[in-house]
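Trainee: The opening position of the sequence shown corresponds to residue -11 in this note's numbering, with each subsequent residue numbered one higher.
Heads up, the beta-carbon is just placed ideally off N, CA and C, and yes, glycines get one too.
Keep in mind it's a predicted model, so treat the numbers as computed, not measured.
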Amino acid sequence: MNFDKAIIEVLKDGSSSRQEVDGCPELRCKQDGPIVRFPFFIKGRHNKSCGYSEDFELSCSKENDTVLELPVSVKLHVSYISYRPQYLWVHDPNHCFLKQFKVLNVSASPFFFVYEVYDATVFNCSRDNTSSLSTRVDCLGDSSQPFVAITKTLGDLDGMVPCNKMFSLNSVPWEVFHNFSIFTLQWSRPNCLRCEEKGKLCRLKTNSSESETHCVNGYIS
-11 MNFDKAIIEV LKDGSSSRQE VDGCPELRCK QDGPIVRFPF FIKGRHNKSC GYSEDFELSC
49 SKENDTVLEL PVSVKLHVSY ISYRPQYLWV HDPNHCFLKQ FKVLNVSASP FFFVYEVYDA
109 TVFNCSRDNT SSLSTRVDCL GDSSQPFVAI TKTLGDLDGM VPCNKMFSLN SVPWEVFHNF
169 SIFTLQWSRP NCLRCEEKGK LCRLKTNSSE SETHCVNGYI S
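(1) Comparing alpha-carbon positions, which option in Val160, Val24 and Asn195 lies nearest Ser95?
(2) Which residues bound the alpha helix (DSSP H) around Lys87?
(3) Run through the DSSP bridge pairs and tell me what Glu45 is partnered with.
(4) Grouping DSSP H, G and I as helix and E and B as strand, with all else coil, what is Arg182?
(5) My output table needs one value for Val94: the three-state DSSP class, helix, strand or coil.
(6) With distances taken Cα to Cα, identify the nearest neighbour of Leu211 among Glu57, Thr109 and Thr123.
(7) Given that a residue counts as buried once 16 or more other Cβ atoms are within 10 Å of its Cβ, and exposed if not, what is Gln19?
(8) Can you look up Glu57 in the DSSP assignment and give me helix, strand or coil?
(9) Assuming the contact rule is C-beta atoms closer than 8 angstroms, Asn112 and Cys48 should be a hit. Round their C-beta distance to whole Å, please.
(10) Quick check on Gly21: buried or exposed, where buried means 16 or more other Cβ atoms within 10 Å of its Cβ?
(11) Considering Cα atoms alone, identify which of Leu15, Pro13, Ile30 and Asp107 is closest to Trp162.
(12) Whole angstroms are fine: how far does the CA of Ser70 sit from the CA of Asn195?
(13) For the beta strand (DSSP E) holding Leu128, just list the boundary residues, first then last.
(14) My output table needs one value for Lys63: the three-state DSSP class, helix, strand or coil.
(15) Is it true that the CB of Tyr75 sits closer than 8 angstroms to the CB of Leu192?
(16) Within 10 angstroms of the Cβ of Cys183, are there 16 or more other Cβ atoms? Answer buried if so, exposed if not.
(17) Quick check: Lys63 and Glu45, are their CB atoms within less than 8 angstroms of each other?
(18) Please classify Cys235: is it buried, with 16 or more other beta-carbons within 10 angstroms of its beta-carbon, or exposed?
(19) In three-state terms, what does DSSP make of Lys18?
(20) For Ser61, is the classification buried or exposed, using 16 other Cβ atoms within 10 angstroms of its Cβ as the cut-off for buried?
Pasting the structure below:
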C-alpha cells in the first residue's frame, strides 16, 4: 500500500456516518467514496439548502468519482473528507497537477492549502539532468524534450544542461515537490467543529443573513 492510500485508509477507519434528520441525508457517489454532508452537497442529489454555499458543491462523475470544481474550472477528484479537522484530500484524475496549477486560484474559494507552499518555475530540459532541488514531471514533456524540472528557485538549475523556462507558479503545495498524488485542502468557514465534537449535525440557521450555523440533534450510526 503506498503512502497516499495508507493515509486514506487510516482516516476511513475512524470515520462515522450520521442519520438523516432534515431531508439532507449523507450520500456517496460510490460505495467506497467519501461521505458527503454539510457543508458539502452533491449536485442533483441533495437540495442546495443541504450545503453551506455553492462553493461546497460536489458532483459525481460518469465513473461515480466525487468531483470538486475550483476556480478557474479546475476539476479535482475528492479522495476523502475529514469533517474534523475540516480537511479534504484531492487528486488530479489526469495525474498532472501542474497543468491544473497554471489556472488554479484557490484564494477565490473557501479552501486553502494545509502545508507549506512555494513559488516555483517550470523548465523544459533537453535531457534528464535534474538536481536534488528540482522534480521531474513527465506529464508536461513530449517525445523530443521529455524531461521537465520544477524548481523552487532559479538557482536550483545552475550547472545543469540548458533548460527553457515554460511558466511560473505561485503557491505550489509541498506535496507536488514530493510527487505525492494527493494534496490536502482545508476550510475554516463554516466552522462546524463544535457540532462534530458533540456528535451533532451542523446546519445553516434559518432566516439568517450572515450564513450562521448551529448544531442540531443527530446521532452517529
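Mentor: In terms of the structure at hand:
(1) Along the sequence shown, read from residue 1 onward, the residue named residue 95 stands at position 107. Among Val160, Val24 and Asn195, the Cα nearest to that of Ser95 belongs to Val160.
(2) Translated into positions along the sequence shown, residue 87 becomes position 99. For Lys87, the enclosing alpha helix (DSSP H) begins and ends at Phe85 to Phe89.
(3) Indexing the sequence shown from 1 puts residue 45 at position 57. Glu45 pairs with Phe29.
(4) Counting from 1 along the sequence shown, the entry for residue 182 is found at position 194. Looking at Arg182 - three-state DSSP - the assignment turns out to be helix.
(5) Indexing the sequence shown from 1 puts residue 94 at position 106. Of the three classes helix, strand and coil, the one that applies to Val94 here is helix, per DSSP.
(6) Past the boundaries of the shown model lies residue 211; the chain is included only from -11 to 209, so the question cannot be answered.
(7) Within the sequence shown, the letter at position 31 stands for residue 19. It is exposed - the Cβ of Gln19 has fewer than 16 other Cβ atoms within 10 Å.
(8) By one-based count along the sequence shown, residue 57 stands at place 69. When secondary structure is reduced to three states using DSSP, Glu57 falls in the strand class.
(9) Taking the sequence shown and counting its residues from 1, one reaches residue 112 at position 124. Taking the sequence shown and counting its residues from 1, one reaches residue 48 at position 60. Rounded, the Cβ-Cβ distance is 36 angstroms, inconsistent with contact.
(10) Against the sequence shown, residue 21 aligns to sequence position 33. Looking at its Cβ environment, which holds 16 or more other Cβ atoms inside 10 Å, Gly21 is buried.
(11) Residue numbering aside, residue 162 sits at position 174 when the sequence shown is read from its first letter. Minimum Cα distance to Trp162 is reached at Asp107.
(12) Taking the first residue of the sequence shown as 1, we reach residue 195 at position 207. Taking the first residue of the sequence shown as 1, we reach residue 70 at position 82. Taking the straight line joining both Cα atoms gives about 28 angstroms.
(13) In the sequence shown, residue 128 corresponds to position 140, counting from 1. First-last for Leu128: undefined, no H or E at that position.
(14) Within the sequence shown, the letter at position 75 stands for residue 63. Strand, per DSSP.
(15) Within the sequence shown, residue 192 is the residue found at index 204, counting from 1. Within the sequence shown, residue 75 is the residue found at index 87, counting from 1. Contact flag unset, no.
(16) Numbered from 1 along the sequence shown, position 195 holds the residue referred to as residue 183. Counting C-beta atoms within 10 angstroms of its own C-beta, Cys183 has 16 or more neighbours from the protein chains shown and is therefore classed as buried.
(17) In the sequence shown, the residue the question calls residue 63 occupies position 75. In the sequence shown, the residue the question calls residue 45 occupies position 57. Result no, Cβ atoms of Lys63 and Glu45 do not sit closer than 8 angstroms.
(18) Outside the modelled stretch of the chain, which goes from -11 to 209, sits residue 235, for which no answer is possible.
(19) Indexing the sequence shown from 1 puts residue 18 at position 30. Of the three classes helix, strand and coil, the one that applies to Lys18 here is coil, per DSSP.
(20) Looking up residue 61 in the sequence shown gives position 73. Within a 10 Å sphere around the beta-carbon of Ser61 sit fewer than 16 other beta-carbons, which makes this residue exposed.
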